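What follows is a single structure, written as structure tokens, with notes after it.
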Amino acid sequence: MDTTQRTDQQRSADRRRRELLEAADRVVLRDGPQASMNAIAAEAGITKPILYRHFGDKGGLYAALAKRHTDALLDSLRAALDAPADRRERVEATLDTYLAAIEARPQVYRFLMHPAEGSQGDQGFDVGKHSAPLLRRMGEELAQVIEERLDLGPESQRLARVWGHGIVGMMHAAGDWWLGERPCSRAELVRSLADLLWGRLAAAGDRVGGPGF
Numbered sequence: 105m106d107t108t109q110r111t112d113q114q115r116s117a118d119r120r121r122r123e124l125l126e127a128a129d130r131v132v133l134r135d136g137p138q139a140s141m142n143a144i145a146a147e148a149g150i151t152k153p154i155l156y157r158h159f160g161d162k163g164g165l166y167a168a169l170a171k172r173h174t175d176a177l178l179d180s181l182r183a184a185l186d187a188p189a190d191r192r193e194r195v196e197a198t199l200d201t202y203l204a205a206i207e208a209r210p211q212v213y214r215f216l217m218h219p220a221e222g223s224q225g226d227q228g229f230d231v232g233k234h235s236a237p238l239l240r241r242m243g244e245e246l247a248q249v250i251e252e253r254l255d256l257g258p259e260s261q262r263l264a265r266v267w268g269h270g271i272v273g274m275m276h277a278a279g280d281w282w283l284g285e286r287p288c289s290r291a292e293l294v295r296s297l298a299d300l301l302w303g304r305l306a307a308a309g310d311r312v313g314g315p316g317f
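When you read off a place in the sequence shown, starting at 1, and then add 104, the result is the number in this note's numbering.
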């Protein structure tokens with residue numbers, strides 16, 4: 105097989121994978137955590153064994169969907185952090201971007217963070233094994249942003265990781281509670297979380313030569 109044939113086959117496989125993920129998205133938007141491999145295969149117009157051939161099992165499909173949605177969310181969070189505004193406004197905009205994302209697609213959020221709520225017979229699916237890496241990835245991404253932008257002193261790298269994972273954990277826990285109970289408006293929650301973070305963030309100086317925060 106020559107290089108052109110291999111490239112064409114890879115493009116075809118990538119296109120087919122995207123189509124299957126789009127079908128999975130439609131089922132997740134409808135069924136949330138109860139989305140099953142059977143329902144996704146039916147939506148895609150294929151048999152369940154063919155779906156397994158592409159993703160292995162529900163864990164493989166979950167990982168692919170998680171990457172797809174996390175990539176999009178991280179792009180939105182970076183845009184909020186890069187917006188031409190003062191630091192407090194960007195902190196609030198970043199918090200609001202996360203909360204707006206889970207509010208807009210609650211079924212997707214529940215599938216990603218609470219996938220065992222309705223597994224409908226899909227066996228061997230460990231929630232923590234799959235959802236924890238998603239949060240860790242977000243924590244590391246935010247830690248990198250903080251380290252690049254803020255001067256946190258001689259232990260800047262370690263402290264940036266503490267802050268990154270801490271902020272993501274706070275957003276996740278508060279957002280999960282808020283999405284389930286709706287005890288206040290999104291704007292009120294954003295202001296309250298920003299108030300909690302603001303003292304230390306306000307005091308930190310920008311890193312010399314960095315993009316600023």
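Ideal placement from N, C-alpha and C gives every residue a C-beta, glycine not left out. The structure presented is a predicted model; accordingly, all values stated were derived computationally and were not measured.
Asked                                                                                                         : Found
Nearest-angstrom beta carbon gap, V132 and L169 [assumed within contact, 8 Å]                                 : 7 Å
Other residues of its chain near Q261: CB distance less than 8 Å, five sequence neighbours each side excluded : E251
Residue range of the unbroken alpha helix (DSSP H) whose run includes H158                                    : 152–159
Own chain, CB closer than 8 Å to R120, minus 5 neighbours either side, in chain order                         : H158
A145 to R172 span [Cα, whole Å]                                                                               : 19 Å
Cβ-based burial, L124 [other Cβ within 10 Å; buried from 16]                                                  : buried
Segment contact flag, the segment 187–197 with the segment 137–157, C-beta cutoff 8 Å, min 3 pairs            : no
E207 vs A298 beta-carbon contact at 7 Å                                                                       : no
Cβ contact (3+ pairs, closer than 8 Å) linking the segment 233–250 and the segment 279–288                    : no
Bridge partner(s) assigned by DSSP for G309                                                                   : D255
Residue interval of the alpha helix (DSSP H) (run including G164)                                             : 162–185
Contact with chain C by R120, beta-carbon distance below 7 Å                                                  : The structure shown contains no chain C, having only a single protein chain.
Helix, strand or coil at D190 [DSSP, three-state]                                                             : coil
Beta carbon of G314 nearer than 7 Å to that of R253                                                           : yes
C-beta atoms of G303 and D310 nearer than 7 Å                                                                 : no
Spatial distance of R214 from G163 (CA atoms)                                                                 : 15 Å
Simplified DSSP assignment, three categories, for Q114                                                        : helix
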